[in-house]
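Residues in the sequence shown are numbered from 35 upward in steps of one, following the numbering used here.
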Amino acid sequence: MNSFGNNVVTEKIGDGIELYIEGIPQAAITPAAQTAATLALLASMQDGISMGASFTAGIIGSMGNATLKIGNSYYKIKYAFRAMRAMTALEIYSQAIEYRKLRGQTDKD
């Protein structure tokens, strides 16, 4: 991903989806902070994907900018979701929900 610099955090969301985040210093990226950032960005992604959409391998939607609060600090970040293979919106939603379940952000049922 040429648009990102060297300080990029990658989080695997599910089978075939990754999240790239740039702009959070390595010292601030604890596992808990990385998961919290990922969950916040997943919520924004789910609001912006049309349910009937299909995606080829590559960036899902477009790169986004956000401000995240970690502890008492705010960071301006750049992020993108990347499909590792062709996927439908339903697959993306399903994997995002499963990721959130595994981290206690949704009901288990």
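Heads up, the beta-carbon is just placed ideally off N, CA and C, and yes, glycines get one too.
* To do: Kindly give me the distance between the Cβ atoms of I51 and M97, rounded to whole angstroms, as I take these residues to be in contact under 8 Å.
  => As a working mapping, residue 51 is identified with position 17 in the sequence shown. As a working mapping, residue 97 is identified with position 63 in the sequence shown. No, I51 and M97 are not in contact; Cβ-Cβ is about 15 Å, not under 8 Å.
Open item on the list: Using a Cβ-Cβ cutoff of less than 6 Å, which residues in the same chain neighbour A100 once the five nearest sequence positions on both sides are dropped?
Closed with: Position 66 of the sequence shown holds residue 100. I111, listed in sequence order.
What are the complete beta strand (DSSP E) segments, minimum 3 residues, inside the region 88–124? With a minimum length of 3 residues, the continuous beta strand (DSSP E) runs that stay inside the region 88–124 are 92–104, 107–117.
- Task: Determine the DSSP secondary structure at T72, reduced to helix, strand or coil.
- Result: To locate residue 72, count along the sequence shown from 1; it is residue 38. Note: T72 maps to helix in three-state DSSP.
### Query
If you draw a straight line from the alpha carbon of A61 to that of A67, how long is it in whole angstroms?
As a position in the sequence shown, residue 61 is number 27, starting the count at 1. As a position in the sequence shown, residue 67 is number 33, starting the count at 1. Using only the alpha carbons, I get a separation of about 11 Å.
Next on the checklist: Just list the residues that DSSP pairs E56 with in beta bridges.
Outcome noted: As a first step, residue 56 must be located in the sequence shown, where it is residue number 22. DSSP lists V42, K112 as partners of E56.
Rounded separation between Y133 and L102 - CA only: Sequence index remark: in the sequence shown, residue 133 carries index 99 (1-based). Sequence index remark: in the sequence shown, residue 102 carries index 68 (1-based). Note on geometry: alpha-carbon atoms of Y133 and L102 lie some 20 Å from one another.
Exercise. Compare the beta carbon distance of L114 and A91 with 8 Å and say whether it is the shorter of the two.
Key: Within the sequence shown, residue 114 is the residue found at index 80, counting from 1. Within the sequence shown, residue 91 is the residue found at index 57, counting from 1. It is Ala, not Leu, that sits at residue 114 in the sequence shown. It is not a contact, given that the beta carbons lie outside the stated cut-off.
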